Amino acid sequence: MGLAQFAIRDYDRKSKLEFIFRIYDMDRDGYISNNELFQVLKMMTGKNLTDQQLQQIVDKTIIYLDKDNDGKISFEEFCSVVDARGPEHDVTSKMTFDKNVI
1 MGLAQFAIRD
11 YDRKSKLEFI
21 FRIYDMDRDG
31 YISNNELFQV
41 LKMMTGKNLT
51 DQQLQQIVDK
61 TIIYLDKDND
71 GKISFEEFCS
81 VVDARGPEHD
91 VTSKMTFDKN
101 VI
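Put into structure tokens, the structure is as follows:
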């Protein structure tokens with residue numbers, strides 16, 4: 001019975017991650033592109049950031065998450081960040097822009 005609980009938790013976790021990933025993967029091709037990430041973050045930030053500032057954040061985020069250097073984020077790359085622990089893996093700290101660009 002104990003193992004079944006872990007299997008259910010893992011399934012629930014994976015389902016939640018897939019749901020979140022699909023929010024970003026607008027064209028359902030299995031990847032989060034630069035444009036898709038930009039569009040979702042634009043919806044989230046509204047007019048609080050300029051397009052240039054937002055693009056900087058998107059570019060830095062893609063560079064940080066894209067381990068196979070194909071220019072997009074796969075579900076596996078997305079999950080690896082969620083599973084990572086410690087301040088060196090805090091993706092939100094990487095999502096910054098150059099304050100000199102306005």
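In the UniProt record's numbering, the protein residues as written are 1 to 102. We put the beta carbon where it would ideally sit given N, CA and C, even for glycine. Remember, it's a predicted structure, so these values are computed and weren't measured experimentally.
#1: Assuming Y31 contacts K72 under a Cβ cut-off of 8 Å, what Cβ separation, rounded to an integer in Å, is found between them?
#2: Return the first residue and the last residue of the alpha helix (DSSP H) that residue 103 is part of.
#3: Going by beta-carbon coordinates alone, are L41 and I57 separated by less than 8 Å?
#4: Under the DSSP definition of a beta bridge, which residues are partnered with I32?
#5: Taking the beta carbon of D27 as the centre, do at least 16 other beta carbons fall within 10 Å, making it buried, or is it exposed?
On the basis of the supplied data:
#1: About 4 Å separates the beta carbon of Y31 from that of K72, a gap short enough to meet the 8 Å contact definition.
#2: In the structure as shown, the chain starts at 1 and stops at 102, and residue 103 therefore has no counterpart that could be examined.
#3: Taking 8 Å as the cut-off, the Cβ atoms of L41 and I57 count as close.
#4: I73.
#5: Classification for D27: exposed.
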